[in-house]
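Data block below; observations after.
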């Protein structure tokens, strides 16, 4: 694990940049409760109910008191941005983890057991491939309270049991016919032992790749659903965009670009970080794609 983290997050330029961006977002999420407890006035800087009566009317442009300005409802944009970082990290990482676990489980089970197990799982996979998660969740959002844990769970299930499961199955099928797998079966190895010990290591890189892809997709989907008002998430980057577009041109001070750009750029940077990490993982496991910056040499 240490070599993997070093190779992906430190020795690879893409992975290093992606890790730094995610670390910044993590610090943003951690800093918000600290600022609210020790620095900011809760009545003014609360991301949902805050209002600054001293500088009304709102919205206001960036100032020393409000570095990113305030929106039309008088709420501090920086406070909203920091609070939204925690929501996006929760949605992305939870959905990515769920999707990778389900994709690996379904793909390995289909490849190893075959027969009815493969037919059932791949039929489910085919159905989910034809059902884009954002559209399905947009409909589900009309029926239930779509809070972020539910959104992350549903997106992870829909994404993980779709194309990722089918791709992992195709990779794993090439491993199940290898001589060392047959030897393990003859030697009395149990199914779970063979899957974990002899097959999983060969498809685990794909699981990491799909985790990064799903994480960025989940954040984009959350923003998409929040923009259309189909979530019950109190504050996120998508919710910020939704509130801004409600009164974007109605402000007497002109279009509220100062309230729109921060969440939009944060979403782009967040998804870009996971894309860079996915490229780093791919290069780490594929020798033909590796780059060795700063004078480092390939591993022997």
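In the working numbering, the protein residues as written are -5 to 294. We put the CB at the ideal spot given by N, CA and C, even for glycine. Small disclaimer: the values here were computed from a predicted structure and weren't measured.
Sequence-distant residues of its chain with Cβ nearer than 8 Å to residue i (five each side left out)
i	result
residue 218	128, 132, 232
residue 190	none
residue 225	135, 140, 141, 142, 145, 216, 219, 232, 233
residue 29	39, 73, 76
residue 82	19, 213, 216, 230, 231, 260, 261, 264
residue 106	166, 170, 185, 188, 189, 193
Per DSSP, cross-strand counterpart(s) of residue i
i	result
residue 70	64
residue 54	64
Cβ-Cβ separation, residue j to residue i (assumed contact under 8 Å), whole Å
i	j	result
residue 71	residue 63	5 Å
residue 253	residue 65	5 Å
residue 212	residue 85	5 Å
residue 151	residue 92	7 Å
residue 97	residue 158	4 Å
residue 87	residue 209	6 Å
residue 206	residue 155	Incorrect: roughly 18 Å between the Cβ atoms, too far for contact.
residue 94	residue 204	5 Å
residue 90	residue 162	Not confirmed; about 15 Å, so no contact.
Neighbourhood of residue i by C-beta, 7 Å cutoff - its chain only, sequence neighbours within 5 removed
i	result
residue 174	192
residue 222	132
residue 53	63, 64, 65, 66, 245, 247, 250, 253
Segment limits, alpha helix (DSSP H) that includes residue i
i	result
residue 48	Premise fails: residue 48 is in no alpha helix (DSSP H) and is neither H nor E.
residue 4	Neither: residue 4 is in no alpha helix (DSSP H) and is coded neither H nor E.
residue 34	Element bounds for residue 34: n/a, residue is neither H nor E.
residue 188	185 to 188
Own chain partners of residue i with C-beta closer than 6 Å, once the 5 adjacent residues on each side are dropped
i	result
residue 27	none
residue 274	2, 6, 8, 9
residue 261	217, 231
residue 61	72
residue 241	66
Discussion item. Just to confirm the assignment: which complete alpha helix (DSSP H) runs, minimum length 4, are found wholly within the segment 214 to 248?
Written reply: 231 to 240
Fill in: Every unbroken alpha helix (DSSP H) inside the segment 121 to 173 [4 residues or more]
If we require 4 residues or more, the alpha helix (DSSP H) runs fully inside the segment 121 to 173 come out as 127 to 134, 142 to 154, 157 to 170.
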